[in-house]
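Engineer: Right, I'll just put the structure down here and ask away after.
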Amino acid sequence: GDSVTQMEGPVTLSEEAFLTINCTYTATGYPSLFWYVQYPGEGLQLLLKATKADDKGSNKGFEATYRKETTSFHLEKGSVQVSDSAVYFCALYPSGGYNKLIFGAGTRLAVHP
Amino acid sequence: DVKVTQSSRYLVKRTGEKVFLECVQDMDHENMFWYRQDPGLGLRLIYFSYDVKMKEKGDIPEGYSVSREKKERFSLILESASTNQTSMYLCASSFRGTNGYTFGSGTRLTVV
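Going down the list, the sequences are from chains U and X. Note that the numbering used here has the first sequence beginning at 3, numbered continuously upward. Note that the numbering used here has the second sequence beginning at 408, numbered continuously upward.
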């Protein structure tokens, strides 16, 4: 069945470092892809999305490109801040019909000053 | 912006109590969902609903039920709370899944 695999955390970075969180997926057709962020004690917030191959989603300095050929949707940010410390979830919505979002396990990011 | 409001941020209940977790959304979304989130287990879907009075079991429905009498409100019911239901509960809604879900802030439930 459809699935999402994220790199295991925690990821620990210094402020202003470059961030990559890897996400790969297994799905038929052309799913929609998402990154969500969860700050401590909060619910999930949609960070960015892409609905077709080669689309780039971006928000708050974060970017991810929908790569059909490598079935990937890696999250990147050029310069992280302490306030980016959170758990990041990759998710996919399968194509066709009534489906549900499929989430990865989440990757915790800790940014130190 | 779409808002999904969960009635309580923190809740402490006793074993055996009947517990109601309420969720309301204000954007006329058809689809609503209840998840629980536990360390190391990620997000697990309990129940979902694609329309009023309609409900479908998710991956872990045992010990829970739901009610959706109005489109904007989706309630999760713990019929007889147990300590293993201590968790963070997240409600979400969507219009189309391709737009993603909007989540509430969560309810941290402790059963003692």
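Every residue gets a Cβ at the ideal spot worked out from N, C-alpha and C, and that includes glycine. Just so we're clear, the structure is a prediction, and the values are computed from it rather than from any experiment.
Please classify valine 459 of chain X: does DSSP put it in a helix, a strand, or coil?
Structural biologist: Looking at valine 459 of chain X - three-state DSSP - the assignment turns out to be coil, as it is neither helix nor strand.
Engineer: For threonine 53 of chain U, which three-state DSSP category applies?
Structural biologist: Coil at threonine 53 of chain U, not helix or strand.
Engineer: Using 10 angstroms around the beta-carbon of arginine 475 of chain X, count the other beta-carbons present and answer buried if the total reaches 16, otherwise exposed.
Structural biologist: That one is buried.
Engineer: Tell me the DSSP secondary structure of glycine 504 of chain X in three-state form.
Structural biologist: Correct three-state label for glycine 504 of chain X: helix.
Engineer: Select from X:Val459, X:Ile467 and X:Cys430 the residue whose C-alpha is nearest the C-alpha of arginine 451 of chain X.
Structural biologist: Here the closest residue by C-alpha is X:Ile467.
Engineer: Leucine 77 of chain U touches chain X at which residues, Cβ-Cβ below 7 Å?
Structural biologist: Going along chain X, no residue has its Cβ under 7 Å from leucine 77 of chain U, so there is no contact; the nearest lies around 15 Å.
Engineer: Would the stretch 511 to 518 of chain X and the stretch 483 to 496 of chain X be scored as touching if the rule is three or more Cβ pairs under 8 Å?
Structural biologist: Touching, yes, given that three or more Cβ pairs across the two stretches are closer than 8 Å.
Engineer: Exposed or buried, aspartate 86 of chain U, counting other C-beta atoms within 10 Å across all chains shown (16 or more means buried)?
Structural biologist: Classification of aspartate 86 of chain U: buried, given that the 10 Å Cβ count is 16 or more.
Engineer: Residues of chain U with a CB under 7 Å from the CB of tyrosine 508 of chain X: which are they?
Structural biologist: Those within 7 Å of tyrosine 508 of chain X in chain U are Leu103.
Engineer: Use the C-beta contact count for serine 546 of chain X: other C-beta atoms within 10 angstroms, 16 or more gives buried, fewer gives exposed.
Structural biologist: This structure cannot settle anything about residue 546 of chain X, because the visible part of chain X is limited to 408 through 519.
Engineer: Distance, Cα to Cα, arginine 480 of chain X vs serine 456 of chain X?
Structural biologist: Rounded to whole angstroms, arginine 480 of chain X to serine 456 of chain X spans 11 Å at the Cα level.
Engineer: Taking 8 Å as the cut-off, does the stretch 64 to 71 of chain U touch the stretch 38 to 56 of chain U (at least 3 CB pairs, one atom from each stretch)?
Structural biologist: Touching, yes, given that three or more Cβ pairs across the two stretches are closer than 8 Å.
Engineer: Across which residues does DSSP place methionine 9 of chain U in a beta bridge pair?
Structural biologist: Bridge partners of methionine 9 of chain U: none, in fact.
Engineer: Only counting the same chain, and skipping five residues up and downstream in sequence, which positions put a Cβ closer than 6 Å to that of serine 414 of chain X?
Structural biologist: Result list for serine 414 of chain X: Glu429, in chain order.
Engineer: Please identify, using Cβ separations under 7 Å, the residues of the stretch 489 to 500 of chain X that lie next to chain U, in order along the chain.
Structural biologist: Those residues of the stretch 489 to 500 of chain X that come within reach of chain U (Cβ to Cβ, closer than 7 Å) are Leu497.
Engineer: Rounded to whole angstroms, how far is the Cβ of cysteine 25 of chain U from the Cβ of serine 74 of chain U, which I believe are closer than 8 Å?
Structural biologist: Right, their Cβ atoms sit about 6 Å apart.
Engineer: Report buried or exposed for phenylalanine 427 of chain X, applying the criterion of at least 16 other Cβ atoms within 10 angstroms of its Cβ.
Structural biologist: Counting Cβ neighbours within 10 Å, phenylalanine 427 of chain X comes out exposed, since fewer than 16 surround it.
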